[in-house]
Amino acid sequence: MVSLFSNLRNFLGFFAMSCAIATGPAAALDAVTGTPILTVTGDVQNTNADGVAEFDFDMLGTLDAVTFETSTIWTDGLQTFTGIELDDLLTLVGAEGETLKAFAVNDYAIEIPVSDAVDGGPIVAFLHNGEPMSLRNKGPLWIVYPYDSKSDYQSELIYSRSIWQLNRIEVQR
Amino acid sequence: MTFVAVLALALFAAFLLNGDIRRKIDALATAQSDSVQWSLAQADVELLALNAEVLAATLDPPASLAQLRSRFDIFYSRAQTLIISPQYAVLREDPEVAAALEHIDVFLTEAVPIIDGSDDALGGALSDLAARTDQVRGHVRTVTLEGVSILAETADTQRLATAQTLSWVSALTLGVVLILVLMLLFLLRHFRRERVIAKEQSLVQSRLAAVVSTSLDAVLVVDRQGRIMDFNGAAERVFGYSRDEAIGGDLAKLIVPDHFRDAHRAGMTRYLTTGEKRVVGTGLVQLEAKRKSGEVFPVELSISTAEADDGEIFVSFIRDISARVAAQEELVKARDDAVAGDRAKAEFIAVMSHEMRTPLNGMLGTLDLMDAYTRSAKEQEYLEIIRASGRLLLHHVDNVLELSRAEARQIETAKEVFDLPQLVRELVEGQRGVAQHRGNTLHVSVSHGCGDRVLGDPMRLRQILMNLVGNATKFTRDGRISVYVTRIEAGDEVEIKVVDTGIGIAPADQERVFEDFVTLDATYSREIGGTGLGLAIVKRFVEALNGRIVLDSALGQGSIFRVTLPLPNVTNTEAEYFEHSSADFSKAAGGSGLRILIVEDNRNNRVVLSDMLELDGHSVEAAFDGKQGVERVQNAGPYDLVFMDISMPGMDGSEATRTIRAFEAPDAHLPIVAVTAHADPAEADRFRAAGMDDVLVKPISRTTLRQTLSRLCLENSTVSDGKERNRTSVTSSVLDFSQIQELSHTLGRKKLTALAQEFIQETESAIDQICRHLYLGNTDTDLVSLIHHTAGSAALVGAAALRIELQALEARLKTALPLEVELPKRLLSLWEQTKLCLLEYLKR
């Protein structure tokens, strides 16, 4: 019920926004209801906050997610990750940039070229082995590449781009 | 081969290298860790941040607690990564690091309840947390520092391994390059060699082409369908087709003669289907070919096959041999002409000698008859001169005849036992008169070692000696002529030396004297006279007798002719067996009075012969030709003997004899003697085959006549009355009447009968045995002694013919001469006759 209601509200919100901003191709994003765990800033078309696109955990759960299995150099054994493909996320926010700068809670920051965001490529994982990730377990979000799928994803560069404790992405021109 | 092996090796090495290098590169391409040093340092940083947050919270607790929790979680996450992540497994193996991590883990475990507790509880525990954080910093530091140094080492090792791999790669690359260079060199060499070979091949090819084009023989290359593929210049000349005309043309149509075309096609088809070769590869074959003009000519052909790009080809070399064949034919014709000429010459000589001997026969025979009448001394002398001249002429004629016969290798040699010293002495004595006439002395010396009786051909030996001594006499005047006879080392050979002190023979002529018609000194020969055939005949005779003749001479000093002949000595017993063939003719049988028929067309010969026989007391009748002779025998018979001339008009002697034999009664046998001028043994055999018993060769003398009668065992036969005549004359040769008569007188009739019956019984079985042995070809010594014994018995009772036959047989067996096939049959029939005669005699 709540979700239906919220969807309806989202729809209405979207309607109000399209009325407010008559021009502009961007599709409106629902405003976050919970604590935002991801903020996409920079050159984004679709926003739901002050020039940024914010996502809370529930919002991410409503998006089309993918799940894959892979091993990583930081964990022991095969791991299952579920998340939004970076490609999909960028489309959703209407990102028009060349480079993404990803920031972590632990002050780590790395640049990821937009060209990395392909179908079957890296995801913004929000479930690790079916569980939401706490900060202690590299949560809330973790950009994970399907390392086992090809050797191109087994380089130090890709490892450095696999940023965990992610909370912000800045789309740069 | 080497090239392929090297290439394979290189490929294999490249494959191995490729795999190895790829693996190494793959290993480098995929990183097993992120920036580990950074992560380690970050742990330190994040702990410091946590520490700072704890201190900040102590100052302003409520506001900073969330911040503190977040910081703790960040550190927790980092520390957990250090504890769990496989990329730090290397670090965790270090005991110091392991211990430090243990402390960190304990810190985390203990801190979690504090951090997760309520704000109040956390606020209360801040100082404790600060202390713990401080405490754990040392451990985190240890992990960071140790980790950095360990990872540096690991990186070093990795770098080293990489460097090694790279140097390995470079070495292998060098190796590959080396192999490639080697292969390149090899290929280069190969290429150069190929180029040299190709050059040589093209040279050979051009040389071959030059050879083919300049060949004197036509060279044709033909494919399996018989189409001409190549046609050289010689072929153009030989066949008349230009090269353009010939190439592509059908071989069978162009050069195979029409009458050979089918055979050629059949041969080609046979070869193509079965592969059977008849002409191909068999070397030179002589065939015929056709020119463009249609002329067929002989060729010599050799075909071989070769493999060409588009299948088998035939290469034929054809030589026009028409000139050679023509030359050959000419040569053959020339040879045939020469042979024909030679044959004509031989025939001429034979005819001439025959024609000359017949009148000579008349002449000498008449002289013989004149001998019997008393003449004045002067007339006797003239007669002697005529006789000597006639004999010399006969001698020359005989010489020519002998030579022509010797040319045809027809020298017949006899094997008889004779008295060698006596023969030599008699011969020399005969020459003494002539020798003395020329003022020469003549000496004979026969060494004792020679032995009296030898086996050989006395007639030929006489001719040899006569010629040699006669020659010596001719060429010696007022000198000495010696004849020495010695046996060489007590063996079978006898050496006869005729030595003279005459004019001698120059060394240059010593070989020539044995050639035909050689007279050395024209003037001398005119004085002496001679055909120049004497020594040639001597040499041929000596060789026919398996002997040798050597001349040793010095001009003006004399000559020595040395003749070596095999004349084996024979013992008396051996000699006995040859006795019959050399019967003693010394005493002429006279007045036996046979009734003899002469069949002869030549009047002179007829008169001479009949007079000679009548002088010996025979009664003679004559017939003028074969037909008349046959009529006489049939109607005016019986005769004891017939002399039959061979060449007569109408029915000749041989035919007449056959006719007589045809109607002759089985138990009767009329002796018929051929009279001929042909002194040829082959002829004599023919006469015998016609049924004649003996051959008398013209010229006829009384001596030869008597010898003939003696051979036929007719000389002692008595002719009593007409009724008994036939039987007596027939049996006379079988049974020696006088011998058995004498035996009868000596022993008495009774004893003779007993002896004769015993003889018949014994000989019956002996003859049977002998014949059986002969049929079986069994000729051992037992047989010989049996024959010897039987012959002795036959001699005792006077069975002359049987004795002679048996002795001859014995001699033949001893000398291993071949036996006639008819011999046993003849022996049996002779025995039957002997037995009949003997029984008939006993009945009387």
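One line per chain: the protein sequences are A and B, in this order. Under our numbering, the first residue of the first sequence carries the number 48, and numbering increases by one thereafter. Under our numbering, the first residue of the second sequence carries the number 39, and numbering increases by one thereafter. In this text, a Cβ means the ideal position worked out from N, Cα and C, and glycines have one as well.
Using beta carbons (cut-off 8 Å, strictly below), is residue i in contact with chain B?
i                 : result
Asp-103 (chain A) : no
Ile-216 (chain A) : no
Lys-148 (chain A) : no
Ser-207 (chain A) : yes
Glu-203 (chain A) : yes
Pro-72 (chain A)  : In this predicted model, Pro-72 (chain A) has a pLDDT of only 40, less than 50, meaning its place in the structure is not dependable enough to derive any value.
Is it the case that the Cβ atoms of residue i and residue j are separated by a distance below 8 Å?
i                 : j                 : result
Ile-519 (chain B) : Ala-510 (chain B) : yes
Ile-526 (chain B) : Ser-442 (chain B) : no
Leu-254 (chain B) : Asp-268 (chain B) : no
Val-181 (chain B) : Leu-139 (chain B) : yes
Ile-120 (chain A) : Gln-202 (chain B) : no
Asn-184 (chain A) : Thr-86 (chain A)  : no
Ala-106 (chain B) : Val-83 (chain B)  : Note that residue 106 (chain B) is Leu in the sequence shown here, rather than Ala. It is not a contact, given that the beta carbons lie outside the stated cut-off.
Asp-134 (chain A) : Gly-168 (chain A) : yes
Val-260 (chain B) : Leu-292 (chain B) : no
Val-523 (chain B) : Leu-573 (chain B) : no
Ser-831 (chain B) : Glu-800 (chain B) : yes
What span of residues does the alpha helix (DSSP H) with residue i cover, start to end?
i                 : result
His-481 (chain B) : First-last for His-481 (chain B): 479-484, but that is the beta strand (DSSP E), not the alpha helix (DSSP H).
Ala-804 (chain B) : 787-814
Phe-277 (chain B) : 271-277
Thr-511 (chain B) : 496-512
Leu-258 (chain B) : Element bounds for Leu-258 (chain B): not the alpha helix (DSSP H) but the beta strand (DSSP E), 256-261.
Glu-7 (chain B)   : Outside the shown range of chain B (39 to 882) lies residue 7 (chain B), about which nothing can therefore be said.
Ala-301 (chain B) : 296-312
Leu-824 (chain B) : 819-835
Arg-329 (chain B) : Note, Arg-329 (chain B): premise wrong, no alpha helix (DSSP H); not H, not E.
How would you list, in chain order, the residues of chain B whose beta-carbon sits under 8 Å from the beta-carbon of residue i?
i                 : result
Ser-181 (chain A) : Asp-111
Which residues of chain A have a Cβ atom closer than 8 Å to the Cβ of residue i, listed in chain order?
i                 : result
Ser-115 (chain B) : Asn-153, Leu-182, Arg-183, Asn-184, Lys-185, Trp-211 and Gln-212
Under 8 Å between C-beta atoms, does residue i make it to chain A?
i                 : result
Ser-102 (chain B) : no
Ser-208 (chain B) : no
Gln-125 (chain B) : yes
Ser-108 (chain B) : yes
Glu-140 (chain B) : no
Thr-211 (chain B) : no
Glu-84 (chain B)  : yes
Thr-171 (chain B) : no
Mind pulling the chain A residues with CB within less than 9 Å of residue i?
i                 : result
Ile-122 (chain B) : Trp-121, Thr-122 and Asp-123
Glu-238 (chain B) : None at all; the shortest Cβ gap to chain A is about 59 Å.
Could you tell me which chain A residues have their CB closer than 7 Å to the CB of residue i, listed as they occur along the chain?
i                 : result
Glu-131 (chain B) : Within 7 Å Cβ-Cβ: nothing; Glu-131 (chain B) doesn't reach chain A, min ~16 Å.
Thr-119 (chain B) : Trp-121
Ser-156 (chain B) : What Ser-156 (chain B) touches in chain A: nothing, since even the nearest Cβ is about 18 Å away.
Val-73 (chain B)  : Contrary to the premise, residue 73 (chain B) reads as Ser rather than Val in this sequence. By Cβ distance, chain A contributes Glu-203 and Ser-207.
Which residue marks the beginning of the beta strand (DSSP E) containing residue i, and which one marks its end?
i                 : result
Thr-714 (chain B) : 710-714
Asn-89 (chain B)  : Unbroken run through Asn-89 (chain B) is the alpha helix (DSSP H), 74-97; no beta strand (DSSP E).
Gly-81 (chain A)  : Where Gly-81 (chain A) is concerned, there is no enclosing beta strand (DSSP E), given that its DSSP letter is neither H nor E.
Lys-185 (chain A) : That residue, Lys-185 (chain A), is in no beta strand (DSSP E); it is neither H nor E in DSSP.
Pro-883 (chain B) : Absent from the model: residue 883 (chain B). The displayed extent of chain B is 39 to 882, so no value can be given.
Ala-172 (chain A) : 170-175
Original post:
Fully enclosed by the stretch 132-182 of chain B, which alpha helix (DSSP H) runs are 4 residues long or longer?
Top reply: 133-154 and 157-162
**OP:** Report the residue ranges of all alpha helix (DSSP H) runs contained in full by the stretch 627-688 of chain B; include only those spanning at least 4 residues, in chain order.
**Re:** 641-653 and 664-673
**OP:** List in chain order: all unbroken alpha helix (DSSP H) runs of 4+ residues lying wholly within the stretch 90-121 of chain A.
**Re:** 104-109
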